[in-house]
Amino acid sequence: MLALARPLRLLALLGHLRARWQARQSLCGPWALPRQVAGLASGALLLDNEARVRYANAAFLRQSGYGLGELLNQAVPALQAGLSAKAHLQLIARQVASQGVWQGQVWSRHKDGRRLAEQVSVYPLAGRRGYLVLCAPRHRVNDTLPAAALQDALTGLMTLPHLQMQLDRACQQQAPFAVLQLDLNEFRRINHQLDYQTGDLLLQALAERFRLWLQPDQLLARVEGDSFLFLLPGLTHPHQLAAVAEALLALLHRPFQVGRRKLHLAATLGGALWPRDSRNGEALLQQAAMALFEARRQGISFQAFSSPMQARRQYREQLQRELLDALVQQQIQLVYQPIIDNRTGRVSKLEALARWHHPTLGCISPADFIPLAEAGGLMQALGAQLLEQACRDLAWLHQEGFTDLGMTINRSPQEFLSLSPGADEWLTVIRQHGLDPSHITLEITESLFMNGHQEHLIRIQALRQAGCQMAIDDFGTGYSALSYLRLYPMDLVKIDRAFISQIPADSRDSQLLEGLISLVHNLGMALVVEGVETAEQQAFVAYHGCAYSQGFLFSRPRPLSELLSLLAPPTPTQTHQLESLHQNRAP
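Take 1 as the starting number for the sequence shown in full-length UniProt numbering and just add one per residue.
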């Protein structure tokens with residue numbers, strides 16, 4: 001009997017393994033799971049880029065109560081997990097793309113309905129095929145949470161899971177309240193330029209200031225990093241929410257003394273009201289985050305959720321879905337704005353500016369689609385397409401006799417981060433079109449310098465050694481532009497139109513611009529003033545020695561064919577060649 005039992009057990013085991021292998025092949029397709037993931041003690045999920053489950057290890061199945069067949073190809077929301085909010089998923093995807101990991105505490109539910117709190121880590125899979133999600137052992141949650149999940153270790157404030165539990169209770173009590181999300185602006189600057197210990201001390205000081213300000217019935221949690229969430233009972237109108245936001249900003253703007261340093265903070269806030277905006281706690285958090293996003297987009301400090309905001313979100317989601325097709329179909333094209341050399345009065349360079357010519361929505365501003373390209377991982381493809389187009393147009397202009405003309409091309413931080421140390425990818429495109437790199441100016445913004453100083457310096461030096469000029473755009477609109485000019489070798493500095501909008505009528509602005517011109521020249525760089533719209537502004541900047549001017553006074557951004565008259569009257573042959581050039585662009 002014993003001799004018979006062993007072969008039967010072996011056959012049963014082989015049959016079980018075969019069934020599991022067949023299930024994996026039929027359901028998981030190319031998602032082969034490494035053995036070390038399958039054998040992890042912590043729960044592990046593989047998600048594709050649409051947040052659908054492609055694999056769950058045995059530990060996750062035990063923790064969640066689900067079977068593998070119930071999860072495969074299902075979207076994460078089917079698990080009723082804390083990762084189900086679409087806005088939250090997008091936030092996680094952006095952080096994973098930029099930092100390589102997202103970590104945080106979230107809520108989920110067991111299959112039997114029990115409420116669970118867990119620590120989650122999200123990592124990108126090779127080839128951008130999706131995400132690996134690791135879930136720490138889960139805890140049962142009734143009316144209380146484990147001590148470690150109740151209190152943020154750094155600040156002593158509530159954790160997000162704890163606040164979410166209180167939010168659920170508030171939704172059940174039927175009394176009006178508001179949620180308000182506050183994110184610090186450019187907090188990474190403090191960590192990078194000073195140190196993380198100073199950043200932690202500053203967060204602790206801020207939390208203490210908030211704690212003293214709170215009323216007994218108001219709640220506050222540190223969500224993660226430099227993000228905070230307030231639950232404020234009794235608020236019924238956006239004006240009340242705006243007043244609270246104003247009070248918090250006033251509280252925040254008082255300087256903080258951290259050791260020997262006096263530090264200043266700024267923040268952006270977004271809020272939503274219950275039940276005015278939603279009766280669902282999770283949806284209310286999404287709406288507050290949406291309002292915060294809108295405030296950042298508009299460059300203001302506070303925004304309350306509104307129904308038009310939802311329409312704008314749907315509009316952005318439509319653009320996000322159609323952006324890849326726009327790249328394939330060459331709907332995104334360049335227009336050009338002249339840059340005038342104030343010493344000669346002639347056009348010295350053309351700045352290449354992207355425009356999306358949507359078949360039904362018309363011309364879409366780069367302010368709308370560039371952030372979507374960055375968030376969707378399409379910025380490198382878009383940038384490569386536009387660099388090719390700009391170089392092709394400049395090469396044609398040189399062939400037509402405009403041999404001294406240069407081209408200014410914007411480069412996003414994402415493109416710069418993916419560039420090799422020798423910048424070979426960009427230099428190859430420039431040289432393939434027969435261009436001398438000295439005719440190319442590459443514009444970068446100071447946001448590039450927030451991290452990776454040494455790596456960026458190597459790339460900048462390689463480009464300048466090859467002959468390219470480097471320009472820093474929107475100088476003075478960030479926090480540390482002066483230090484960047486000292487640390488990084490720039491050839492051109494472009495100042496924002498805000499610096500000249502009141503010139504020459506405003507004497508203080510005039511003095512400030514004179515000082516900027518002198519400063520930049522003393523550092524051995526040339527200054528480009530953007531936004532010149534009047535003859536008086538142009539006379540002022542030219543008189544004070546500014547090298548270049550750009551603005552509507554000379555020309556709005558236009559297709560190349562419409563700008564030829566500013567360079568020289570085109571011949572009929574040139575016009576025909578230009579039309580053929582644009583019709584025959586390589587995909």
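Glycine is no exception: its CB is placed at the ideal position from the N, C-alpha and C atoms.
Would you identify the three-state DSSP class for C391, choosing helix, strand or coil?
-> helix
I500 beta carbon less than 8 Å from that of G545 = no
Element boundaries [alpha helix (DSSP H), containing G270] | First-last for G270: A267 to W274, but that is the beta strand (DSSP E), not the alpha helix (DSSP H).
Where do the N-terminal and C-terminal ends of the alpha helix (DSSP H) with R355 fall, by residue?
-> From DSSP, R355 is part of no alpha helix (DSSP H) but of the beta strand (DSSP E) over R346 to H358.
Could you say which of R355, L72, G376 and P366 lies nearest to A97 if we only look at CA atoms?
-> The option with the nearest alpha carbon to A97 is G376.
Please check the pair residue 589 and D473, which I expect to be a contact at CB under 8 Å, by giving their CB distance rounded to whole angstroms.
-> Shown here, the chain extends from 1 to 587; a query on residue 589 therefore has no answer.
Residue range of the unbroken alpha helix (DSSP H) whose run includes T428 = D424 to Q432
Could you give the uninterrupted runs of the beta strand (DSSP E) lying entirely in the stretch 495 to 569, keeping only those of 3 residues or more?
-> 526 to 529
Roughly how many angstroms lie between the CA atoms of R585 and F554, to the nearest whole one?
-> Reliability fails at R585, whose pLDDT of 46 lies under 50, so the model's placement of it is uncertain and the value that follows must be treated cautiously. Between R585 and F554, the C-alpha separation is close to 28 Å.
Would you identify the three-state DSSP class for residue 594, choosing helix, strand or coil?
-> Residue 594 lies beyond the range of the chain shown here (1 to 587); nothing can be said about it.
Would you tell me roughly how many angstroms separate the C-alpha atoms of N49 and A178, rounded to the nearest one?
-> 33 Å
Using only alpha-carbon positions, find the residue among A51, L182 and G69 that is nearest to A291.
-> L182
Could you please give me the residues that DSSP links to R222 through a beta bridge?
-> The partner list for R222 (beta bridge, DSSP) reads F228.
Where Y336 falls: helix, strand or coil (DSSP) = In the structure shown, Y336 sits in a strand (DSSP, three-state: E or B).
Which residues in the same chain as A288 place their Cβ atom closer than 7 Å to its Cβ, once the five residues preceding and following it in sequence are excluded?
-> V179, L180, Q181, G270, G271, A272 and F305
When the cut-off is 8 Å and only beta carbons count, does I460 lie next to chain D?
-> The displayed structure is made up of one protein chain only, and chain D is not part of it.
Give the straight-line distance between the Cα atoms of L567 and A250, rounded to the nearest whole angstrom.
-> 52 Å
Sort A311, L417, D393 and Q414 by Cα distance to G406 and report the nearest one.
-> D393
Is it buried or exposed for F552, if we count other Cβ within 10 angstroms and need 16 for buried?
-> exposed
Among R497, I460 and Q502, which one has its Cα closest to the Cα of P489?
-> I460
What did DSSP end up calling E317 once you bin it into helix, strand or coil?
-> helix
Taking all protein chains shown into account, do 16 or more other C-beta atoms lie within 10 angstroms of the C-beta of W426, making it buried, or fewer, making it exposed?
-> buried
Starting from L184, follow the beta strand (DSSP E) in both directions and report where the run begins and ends.
-> F177 to L184
If we count the other Cβ atoms within 10 Å of its Cβ and call it buried at 16 or more, is T360 buried or exposed?
-> Counting other Cβ atoms within 10 Å of its Cβ, T360 stays below 16 and is therefore classed as exposed.
Buried or exposed (CB count within 10 angstroms, at least 16 for buried), I300 = exposed
A395 versus L435 - alpha carbon distance = One C-alpha to the other measures close to 6 Å.
Spell out a yes or no on whether the stretch 415 to 433 and the stretch 381 to 392 are touching, meaning 3 or more CB-CB pairs, one atom from each, closer than 8 Å.
-> yes
Output the distance between the C-alpha atoms of L512 and V541, rounded to the nearest integer angstrom.
-> 12 Å
Look up M407 in the DSSP assignment and give the residues it is bridged to.
-> L350 and I440
In three-state DSSP terms, what is P124?
-> strand
State the start and end residues of the unbroken alpha helix (DSSP H) segment that holds Q63.
-> Where Q63 is concerned, the enclosing alpha helix (DSSP H) stretches over A58 to S64.
Compute the beta-carbon to beta-carbon distance between A205 and G156, rounded to the nearest angstrom, for a pair I have assumed lies under 8 Å.
-> Going by Cβ atoms, the distance from A205 to G156 rounds to 12 Å, so no, they are not a contact pair.
What does a CB cutoff of less than 8 Å around P421 pick up in its chain, not counting 5 residues either side in sequence?
-> E455, I458, R459 and A462
Best match in A354, F230 and E70 for proximity to P216 [C-alpha to C-alpha] = For P216, the nearest C-alpha among the options comes from F230.
Roughly how many angstroms lie between the CA atoms of A243 and M158, to the nearest whole one?
-> 23 Å
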